[in-house]
Amino acid sequence: MNIILAIILLVILPYVGFWKLFEKAGRPGWEGVVPVYNAYVMIKLCGRPMWWFILVLIPGLNILVLIGIIVDFVKSYGKFSLLDHILVVALPFIFLPKWGYDKNTKYLGASATLQFREKYKVALKKTATREWADAIIFAVIAATLIRTLFIEAYVIPSASMESSLLIGDYLFVSKVNYGARLPMTPVAFPFAHHTMPLIGTKAYWDGIELPYYRLPGLSNVKKGDVVVFNYPMDADSPLYRPVDKRENYIKRCQGTPGDTLSVVDAQVFINGKAAPTPPHGEMGYTVQSDGSELNPQLINDLHLEDLAPGINNTFTINTTVASANTLKGYSNIKSIVPTLSPRGMEDPLYPVYPVKFPNYKITPNFPKFTWNLDNYGPIIVPKKGWTVKLDSLTFPVYGRAIEIYEGNKVQVEGNNILINGKKADSYTFKLNYYFMMGDNRHNSEDSRFWGFVPEDHIVGKALFIWMSMDDNASFLNKIRWSRLFNIIH
18 MNIILAIILL
28 VILPYVGFWK
38 LFEKAGRPGW
48 EGVVPVYNAY
58 VMIKLCGRPM
68 WWFILVLIPG
78 LNILVLIGII
88 VDFVKSYGKF
98 SLLDHILVVA
108 LPFIFLPKWG
118 YDKNTKYLGA
128 SATLQFREKY
138 KVALKKTATR
148 EWADAIIFAV
158 IAATLIRTLF
168 IEAYVIPSAS
178 MESSLLIGDY
188 LFVSKVNYGA
198 RLPMTPVAFP
208 FAHHTMPLIG
218 TKAYWDGIEL
228 PYYRLPGLSN
238 VKKGDVVVFN
248 YPMDADSPLY
258 RPVDKRENYI
268 KRCQGTPGDT
278 LSVVDAQVFI
288 NGKAAPTPPH
298 GEMGYTVQSD
308 GSELNPQLIN
318 DLHLEDLAPG
328 INNTFTINTT
338 VASANTLKGY
348 SNIKSIVPTL
358 SPRGMEDPLY
368 PVYPVKFPNY
378 KITPNFPKFT
388 WNLDNYGPII
398 VPKKGWTVKL
408 DSLTFPVYGR
418 AIEIYEGNKV
428 QVEGNNILIN
438 GKKADSYTFK
448 LNYYFMMGDN
458 RHNSEDSRFW
468 GFVPEDHIVG
478 KALFIWMSMD
488 DNASFLNKIR
498 WSRLFNIIH
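So the mapping is simple: my numbering equals the position in the sequence shown, first residue as 1, plus 17.
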């Protein structure tokens, strides 16, 4: 229903208006409903130079140019006020047909020419308020387009990527690398993600939700990329939000569509080969000391996170391999070993996917997945066009993606799986999926806990750190100068 409504509002009604307005300018009405060509004709009707048409063909920039062309176009019909221009950009499905059928609205000439400006200079004259309003509106539109199509700022809120990325790191995230995802919830307050600041209400209207579409990008998501994406678990949470309004998460891509992924003693394997381990990634260690306390400066220098005392002169830490090796060299340290969950045993305190989602079972007893965060899989990452046989072992793994992300109605009746009311023993995926993991392997909520990330949730690729603030440091040391403008690897 939303797709039908979107087609009516964003395609049919504006094209009806263009048809009638083109006829008023002495052009055939059909020219107004031919995409791209109608922009070419509007440039001629407005009197703009024809090189503007080249700008129409440039993705991203063309949106800003088309807004300018439409504003010039309605000026040619005597719509000179700021309100007219706002209305035609924000509500073209109302005002283009309205003016097209209005007998008093007539084509007055090419609005961008000197003759037109001289003839209607009184109506076109702008007050100081109008000049400021035009400048602010242009700035908002331009900034929104840049954030949507090119690059956006992001801040690290949690420790799941330590020490590769630290809490308080401010990043720039590229929308160009994977291709910009066009807004799926187009009616939204500028610069607010999903909630209005201060008042806490929704910053968007979900009455119109558009289908997923992504512009061409420079590359696909690659293994090892640090990726920002919308949190998949918001899809079926009580606080449901549209895809592009879900919380932003940042992780490293470990598995791409079609990969077979497994984790053995915290080492990721892709298609049977060991994957590179992030050099600055952290994991948990158990340390045996002689009972003497660690120097606080050493704790800070080696970035020994979450230090927790145990029994018999032991303590646990989260840190990098390099810091762990350095710590081994101190005389008061007897041993330091990774804290790993044993193979073949699930962890009841921290159940992983798919055990966390027991809804997708077709036998009385849920299959025994003896997986944990350090020993996981093997699991095949779904690929668009891949057909999976559905049985008691595969359905628990892929059932949630089939239902929640691919939009199917899934039911289980006895030993039978019903997809959209029909019995199914296989399913062909419509989307590509990814397996994301945090670099801080023992302090990260990621695909090991909630499964795959569908391609329509991908926001962009993290590029570099432009600012880094340490909230726990003194005023003079709050800025981590050594991290500024670091490229993210």
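Just so you know, even glycine gets a beta-carbon here, dropped at the ideal spot from N, CA and C.
C-beta contact flag for residue i and residue j at 7 Å
{"i": "Leu366", "j": "Asp282", "result": "no"}
{"i": "Gly468", "j": "Tyr370", "result": "yes"}
{"i": "Asn247", "j": "Val238", "result": "no"}
{"i": "Gly298", "j": "Ser464", "result": "no"}
{"i": "Arg263", "j": "Val243", "result": "no"}
{"i": "Pro114", "j": "Val33", "result": "yes"}
{"i": "Gly234", "j": "Asn265", "result": "no"}
{"i": "Pro375", "j": "Ser409", "result": "no"}
{"i": "Phe452", "j": "Gly272", "result": "yes"}
{"i": "Val14", "j": "Tyr444", "result": "Since the first residue shown for the chain is 18 and the last is 506, residue 14 is missing from the structure and cannot be characterised."}
{"i": "Gly394", "j": "Ser279", "result": "yes"}
{"i": "Leu104", "j": "Ala150", "result": "no"}
{"i": "Gly477", "j": "Val245", "result": "yes"}
{"i": "Lys42", "j": "Tyr124", "result": "Residue 42 is actually Ala in this sequence, not Lys. Result yes, Cβ atoms of Ala42 and Tyr124 sit closer than 7 Å."}
{"i": "Lys401", "j": "Leu448", "result": "yes"}
{"i": "Tyr229", "j": "Asp391", "result": "no"}
{"i": "Arg258", "j": "His211", "result": "yes"}
{"i": "Ile436", "j": "Val427", "result": "yes"}
{"i": "Trp69", "j": "Ile60", "result": "yes"}
Rounded C-alpha distance that separates residue i from residue j
{"i": "Ile184", "j": "Val304", "result": "25 Å"}
{"i": "Gly2", "j": "Asp456", "result": "Examination of residue 2 is not possible in this model, given that the chain is present from 18 through 506 alone."}
{"i": "Ile397", "j": "Val429", "result": "23 Å"}
{"i": "Phe167", "j": "Ile350", "result": "49 Å"}
{"i": "Ala205", "j": "Asp223", "result": "9 Å"}
{"i": "Tyr450", "j": "Asn342", "result": "36 Å"}
{"i": "Lys192", "j": "Ala160", "result": "14 Å"}
{"i": "Leu480", "j": "Asp186", "result": "12 Å"}
{"i": "Thr130", "j": "Ile71", "result": "20 Å"}
{"i": "Asn433", "j": "Pro368", "result": "26 Å"}
{"i": "Lys439", "j": "Gly217", "result": "42 Å"}
{"i": "Trp388", "j": "Ser461", "result": "16 Å"}
{"i": "Trp509", "j": "Ala156", "result": "Because the chain spans 18 through 506 in this model, residue 509 falls outside it and cannot be assessed."}
{"i": "Arg65", "j": "Ile80", "result": "17 Å"}
{"i": "Lys37", "j": "Gly46", "result": "6 Å"}
{"i": "Asn329", "j": "Lys240", "result": "42 Å"}
{"i": "Pro214", "j": "Phe208", "result": "10 Å"}
{"i": "Met201", "j": "Leu27", "result": "13 Å"}
{"i": "Thr294", "j": "Gln284", "result": "8 Å"}
{"i": "His320", "j": "Trp483", "result": "21 Å"}
{"i": "Phe446", "j": "Lys96", "result": "49 Å"}
{"i": "Pro471", "j": "Leu227", "result": "17 Å"}
Beta-bridge pairing of residue i - partner residues as DSSP gives them
{"i": "Leu278", "result": "Ile287, Ile396"}
{"i": "Met454", "result": "Arg269"}
{"i": "Glu430", "result": "Asn433"}
{"i": "Gln305", "result": "Thr331, Ser352"}
{"i": "Arg231", "result": "Arg198"}
{"i": "Ile504", "result": "Phe481"}
{"i": "Tyr54", "result": "Note: Tyr54 sits in no beta bridge, so no partner."}
{"i": "Lys440", "result": "Leu435"}
{"i": "Ile496", "result": "Met486"}
{"i": "Thr212", "result": "Lys219"}
Boundaries (first-last residue) of the beta strand (DSSP E) holding residue i
{"i": "Asn342", "result": "From DSSP, Asn342 is part of no beta strand (DSSP E) but of the alpha helix (DSSP H) over 338-345."}
{"i": "Arg465", "result": "Counting along the chain, Arg465 falls outside any beta strand (DSSP E), though it belongs to the alpha helix (DSSP H) covering 464-467."}
{"i": "Trp483", "result": "475-485"}
{"i": "Asn433", "result": "433-436"}
{"i": "Thr445", "result": "443-445"}
{"i": "Leu26", "result": "No beta strand (DSSP E) holds Leu26; DSSP gives it neither H nor E."}
{"i": "Asn460", "result": "Unbroken run through Asn460: none, as it is neither H nor E."}
{"i": "Leu188", "result": "186-191"}
{"i": "Val369", "result": "Unbroken run through Val369: none, as it is neither H nor E."}
N- and C-terminal bounds of the alpha helix (DSSP H) containing residue i
{"i": "Leu315", "result": "313-318"}
{"i": "Pro355", "result": "Pro355 -> not in any alpha helix (DSSP H); beta strand (DSSP E) instead, spanning 350-355."}
{"i": "Ile84", "result": "78-92"}
{"i": "Lys37", "result": "30-41"}
{"i": "Lys268", "result": "Run containing Lys268: none in the alpha helix (DSSP H); it sits in the beta strand (DSSP E), 265-272."}
{"i": "Phe70", "result": "69-73"}
{"i": "Leu162", "result": "145-166"}
{"i": "Lys115", "result": "109-118"}
{"i": "Val260", "result": "Element bounds for Val260: n/a, residue is neither H nor E."}
{"i": "Phe412", "result": "412-417"}
Inter-residue CB distance, residue i and residue j (contact presumed, cutoff 8 Å)
{"i": "Cys63", "j": "Ile86", "result": "7 Å"}
{"i": "Arg198", "j": "Arg164", "result": "Actually they do not touch by this definition, with Cβ atoms about 12 Å apart."}
{"i": "Val82", "j": "His102", "result": "The Cβ separation is near 15 Å, so there is no contact."}
{"i": "Asn494", "j": "Asp487", "result": "7 Å"}
{"i": "Tyr302", "j": "Pro355", "result": "6 Å"}
{"i": "Ala170", "j": "Phe189", "result": "6 Å"}
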